[in-house]
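Numbering (the working numbering), first residue to last: 122 to 862. The beta-carbon is built from N, C-alpha and C at its ideal position, and this holds for glycine as well.
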Ligand code: SF4
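Here you go:
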């Protein structure tokens, strides 16, 4: 086996021999692109959020030394948030994983690639031989390039025989995926960013773009139509402070609010009956459902005054171009899919879709969450196909030149179900790539326990210091953004390039080539012979989309993406990609269901999974802390600038009324406690939160000690946003900065 790996390493040419691979401080697989002039500027897409800003990376002697936002790119037009400006900093962190590590007698020992991969393969195959092929599973990330995601998912499922695999996109976007599929017939965010500037009414639901998507917020602020900007959020966020209207509803009362709003629009005749009749199905059922949400009761249930709800209905009625935008406040809910559909209902009822400045628009999270949705081979088969459809399996197998029997006939378990599988003992080995489950999972203590009990945990990451890597049996050192090639897809469905502008440290490799090595060692390398480089894989996945709503078979290759400043899907073959073109979906009124009509869907609101009570009387809200902090801080904390701009130590926002009642002053040390655990934080007394609510940023390692493991039943997305907690001043000598579990 090691000979095969050696051979593959040598095949990459140049100095890439197995001998060098064993030498610390050696190389990154592949050379910097030959066409790269030593002092060139390379244009590439940012590797943090889904906005997809373009950055001009400045090279000296062939290595990135600095960057600036691309001044003429259609997405960001010269702007970037702090993370974009500091995108290179995490690459130089001292705790980068530089060599494979294997745990022996409880301690990590450095290993060479052939040994690490041979160990992974031997232990993985032994687990499968003893417990079945399904006993190995994988978790990926929306941080990988689409080509890497496709290779990872195809290798795991078609090559290694796994059935269960998911990604960290389950934590942020699964709800939007299911809502769009059910309403539109395909996972299809319909908008283009120009819609932010074309609307005369912008409605942000559970979204704080001022902090989470600052460049998009900047574009909304450039809207020349003096738009009404409505924020629907329990918390007075930075966006709410800048909005023209803020509806501070009770946590998780959003479904009631939107049903009430739909009812009001129908009652007053403020709907587009012609559009509904021609382009939708399900109006009568929806009208009957929302009729049970009269204005007075909705005001009571949501805490939003009647006049404000009526004002919102009137704004929508009078608006010529109304757009609705949502993010995690909707998605991370026990009934997120139904809330997202209730938002979609408003757009469909009023004909606000398919025109400039309109749409029911989910803004996604990670830089390539959208690529993950199409190509991760987890919830959908490669290219947005359906695992359960035999014709789709045959089509995909034919494009890839593999036996259709290699493709599972179902999508496998979701993230939480994989963890349950570990608890039951049916999942014995897990391969985690580029995500920090031991920090970010909703029931963190359980997740850590479960990961620690696996027979085999392989973690492939830029850093061996993450909470998850620290639990691993094998760590595979991965190149980061800026150290590899591929494509990302942003929130408006625009494909953009990432490029290799820096050497990965030590013997770290691009994820793409790690997958290739494992395929070879596993004995299925011949299946991926045509998957020879990221651009070769791009051609494959473009072909896979032919005839799909996300058809990109018309994109000739990376050079064309570069020339056009990114290309939005769809772009079927034969269509000319006009540079800087902005395209939205559904302009012809046809949706992706077979009858061409969208679905109006209603669902009954469900009780909050963990309501407050006398022991835990506060509702915990979680969310992004600042524009300089990214998720579990694995990368953003590596930048001194971003670290300085961030909040630093954990803090909890508390209303002045509650602070006075509890005798807590700003800056004081408090203990925040749920049924799962507790954290110590500094109090931040602010009118941003309402009495009875507290807010903690999601980035702190302690936050998910508290959150309650509830899930949307359709999307299996975790409901991070509302659970019951208690808060008190930290007492001198008080034990209890530890988990309860
Ligand atoms: Fe990068 Fe997002 Fe910031 Fe743009 S807004 S620079 S894509 S993190």
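In the DSSP output, what is residue i paired with across the bridge?
i           : result
residue 353 : 326, 368
residue 287 : 260
residue 480 : 444
residue 552 : 259, 579
residue 792 : 801, 849
residue 175 : 166
residue 617 : 609
residue 230 : 223
residue 633 : In the DSSP output, where bridge partners are listed per residue, residue 633 has none listed.
residue 841 : None; residue 841 has no bridge partner.
residue 402 : 720
Counting only the same chain and skipping the five closest in sequence on each side, list residues whose C-beta sits under 7 Å from that of residue i.
i           : result
residue 736 : 847
residue 249 : 256, 257, 282
residue 420 : 426, 427, 430
residue 161 : 180
residue 153 : Note on residue 153: pLDDT 44, under 50, position unreliable in the model; the coordinate value appears next. Once the five neighbours on either side are set aside, the close Cβ partners of residue 153 are 183, 621.
Short of 6 Å in beta carbon distance, which residues of its chain neighbour residue i, apart from the five on each side in sequence? Order them along the chain.
i           : result
residue 155 : Residue confidence for residue 155 is low, a pLDDT of 45 falling below 50, so the modelled location carries little weight and cannot support an answer.
residue 374 : 422, 423
residue 758 : 764
residue 749 : 203, 763, 766, 767
residue 143 : Residue placement at residue 143 is poorly supported in this model, since its pLDDT is 38, which falls under 50; the coordinates are not used for a value here.
residue 302 : 308
residue 746 : 768, 818, 820
residue 267 : 492, 496, 608
residue 606 : 620, 621, 655
Is residue i near the ligand SF4, judged by its Cβ being under 7 Å from some heavy atom?
i           : result
residue 172 : yes
residue 204 : yes
residue 167 : yes
residue 194 : no
residue 330 : no
residue 335 : yes
residue 201 : yes
residue 197 : yes
So residue i is in the alpha helix (DSSP H); what residue range does that whole segment cover?
i           : result
residue 542 : 536 to 545
residue 684 : 679 to 685
residue 493 : 490 to 496
residue 513 : 511 to 521
residue 281 : Careful: residue 281 lies outside any alpha helix (DSSP H) and carries neither H nor E.
residue 338 : 335 to 342
residue 566 : 565 to 573
residue 561 : 558 to 561
residue 532 : Residue 532 -> no alpha helix (DSSP H), and no H or E assigned at all.
residue 430 : 427 to 439
Locate the beta strand (DSSP E) running through residue i, then write down its first and last residues.
i           : result
residue 744 : 739 to 744
residue 774 : 772 to 775
residue 818 : 814 to 818
residue 189 : 184 to 190
residue 918 : Residue numbering for the chain in the displayed model covers 122 to 862; residue 918 lies beyond these limits and cannot be assessed.
Compare the C-alpha of residue i against each of the options and name the closest.
i           : options            : result
residue 322 : 285, 653, 842, 477 : 477
residue 479 : 486, 470, 173      : 470
residue 740 : 497, 356, 615, 446 : 356
residue 390 : 709, 361, 437, 362 : 437
residue 644 : 242, 192, 260, 360 : 242
residue 307 : 783, 742, 495      : 495
residue 596 : 211, 225, 196, 560 : 225
residue 733 : 844, 837, 671      : 844
residue 305 : 830, 722, 818, 849 : 722
residue 335 : 199, 557, 703      : 199
residue 333 : 293, 210, 344, 318 : 293
residue 851 : 815, 788, 403      : 788
residue 235 : 222, 228, 246, 229 : 222
residue 563 : 194, 751, 842      : 842
residue 869 : 806, 625, 571      : With the chain covering only 122 through 862, there is no way to say anything about residue 869.
residue 194 : 173, 205, 207      : 173
residue 709 : 472, 731, 461      : 472
Counting only C-beta atoms, is residue i closer than 8 Å to chain D at any point?
i           : result
residue 454 : The chain inventory of the structure shown lacks chain D, comprising one protein chain alone.
Going along the chain, which residues of its own chain have a beta-carbon closer than 8 Å to the beta-carbon of residue i, five neighbours each way excluded?
i           : result
residue 165 : 175, 176, 178, 603, 617, 618, 619, 620, 622
residue 661 : 271, 520, 521, 651, 652
residue 531 : 284, 508, 509
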